[in-house]
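Numbering (this note's numbering), first residue to last: 2 to 202. Note that the Cβ used here is the ideal one computed from N, Cα and C, for glycine as well. What you are looking at is a predicted structure, and each value in this text was computed from that prediction instead of being measured. Here's the structure, in structure tokens; my notes come after.
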Ligand SMILES: [Zn+2]
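Now the structure itself:
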């Protein structure tokens, strides 16, 4: 049980797990892709809440172990994660949902984050003032589909990267892990394009 506090000031207990196994409870996969993951309704005002808690996620069939750190704890990432050595870190449930989708598509998270870096560099060239973010959306027709937010208010731009460029990026990330941008895409167990755009945090 977790204690949730609503913006109406009501506090209530909710049946939210602190660890989940996606093989044992595959319904969470649907909740993640539908954006309804771990959401609860406030019993007082009925508002739908998405409280974030530190959450351990294992997915044995994909050999994956993740720690989802609440977005609020992003500034203290290292302290929040602590001594954990094996699990990959994601921050916030949107990043968790994205990472699960990447793993589900059989893609490599490092290569995906590097491709996002290239897309955001291009976006910054086109408009230095845009605060863009890139999200893996799907793998379809031999292309990696990304959604770019923040280029134009209220609009989502779609960008498709061919599988061949993904493969090349994956190869480079493995053969030159100590060169940029491959080196700085990782900070501890947190692999994210955000590590290359630190000032955005
Ligand atoms: Zn409420």
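| Is the region 105-113 touching the region 130-147 in the sense that three or more CB pairs, one from each, lie closer than 8 Å? | Yes, the region 130-147 is in contact with the region 105-113.
| Quick one: what's got a C-beta closer than 6 Å to residue 42's C-beta in the same chain, skipping five residues either side? | If you ignore the 5 residues before and after residue 42, its C-beta comes within less than 6 Å of the C-beta of 49, all in its own chain and listed in chain order.
| request: Report yes or no: do the region 93-101 and the region 152-160 share at least 3 C-beta pairs separated by less than 8 Å? | output: Taking 8 Å as the limit for Cβ pairs, the verdict is that the region 152-160 does not touch the region 93-101.
| Residues whose Cβ lies closer than 6 Å to any heavy atom of ligand 2, in chain order | Looking for ligand 2 in the displayed structure turns up nothing; the ligands present are ligand 1.
| Closest to residue 168 by CA distance: which of 47, 131, 184, 145 is it? | The option with the nearest alpha carbon to residue 168 is 145.
| Contact under 8 Å by Cβ, residue 72 with residue 190 | Against a cut-off of 8 Å, the Cβ pair of residue 190 and residue 72 comes out as no contact.
| Coarse secondary structure for residue 201, derived from DSSP in three states | Residue placement at residue 201 is poorly supported in this model, since its pLDDT is 46, which falls under 50; the coordinates still yield a value, given next. When secondary structure is reduced to three states using DSSP, residue 201 falls in the helix class.
| For residue 45, which residues of its own chain have a beta-carbon under 8 Å away from its beta-carbon, when the five flanking residues on both sides are left out? | Taken in chain order, the residues that qualify are 7, 9, 11, 13.
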